[in-house]
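Going by this note's numbering, the first residue of the sequence shown is number 1, and it counts up by one from there.
Ideal Cβ positions, reconstructed from N, Cα and C, are used throughout, including at glycine.
First the structure, in the form of structure tokens, and then the observations on it.
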Amino acid sequence: MGLLIRFVIIAFIVYLFYRGIRYLLDPKRKLDEAYEQEQYYFYDDVKNVRKNFFITYKGALFEGEKYLGTTEDSFDVVSIFVWVKDETKLQGFTKDDFHFLSSEITSNYPKAEISWKNPIEALMKAR
């Protein structure tokens, strides 16, 4: 009986350790933390085209929708549509900020054309 109790306690400790590690390494938690601290974080499941990606940068949360298409030699993400969750968080953003975000998206999806939702699109087209 004593051996069974020890086994259950050890199994419980191993389970808690496992859950703790999974919590610390969870990318969704890292996204939420970066959003609260107004830092940059790119959250994406590159292998799943159906899942949107999220970027947090300077306190704003962006969401991007990926579209699969054909390239010269393969099927790949060819179009990405990006919008901000809360437009009021865009205060203080410049074209350079959006060029940085575009370059980060392009580094993951080099064959994709990036489209922005208004009002970002209007800023990017303005001279």
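{"Item": "Proximity test, PHE93 beta-carbon vs the ligand FMN heavy atom, cut-off 7 Å", "Value": "What this structure holds is no ligand at all, so the ligand FMN is not there to describe."}
{"Item": "GLU38 and GLY59 closer than 8 Å at C-beta", "Value": "yes"}
{"Item": "Residue range of the beta strand (DSSP E) that includes SER79", "Value": "75–84"}
{"Item": "CA-to-CA distance, LEU3 to ALA112, given in whole angstroms", "Value": "59 Å"}
{"Item": "C-beta contact flag for THR56 and ALA34 at 8 Å", "Value": "yes"}
{"Item": "THR56, DSSP secondary structure in three states", "Value": "strand"}
{"Item": "LYS117 vs TRP83 beta-carbon contact at 8 Å", "Value": "yes"}
{"Item": "Proximal residues to LEU31 (C-beta, below 8 Å), its chain only, five neighbours per side dropped", "Value": "TYR41, TYR43, PHE54, THR56"}
{"Item": "Nonlocal neighbours in the same chain, by C-beta distance under 6 Å from LYS66, ignoring five residues either side", "Value": "VAL49, VAL77, ILE80"}
{"Item": "Beta-bridge pairing of PHE62 - partner residues as DSSP gives them", "Value": "ILE55, VAL84"}
{"Item": "TYR18 versus VAL8: straight-line alpha-carbon distance, rounded", "Value": "15 Å"}
{"Item": "Nearest to PHE75 (by Cα), restricted to the options GLY20, ALA126, PRO110", "Value": "PRO110"}
{"Item": "Length of the line joining the Cα atoms of PHE98 and ALA126", "Value": "13 Å"}
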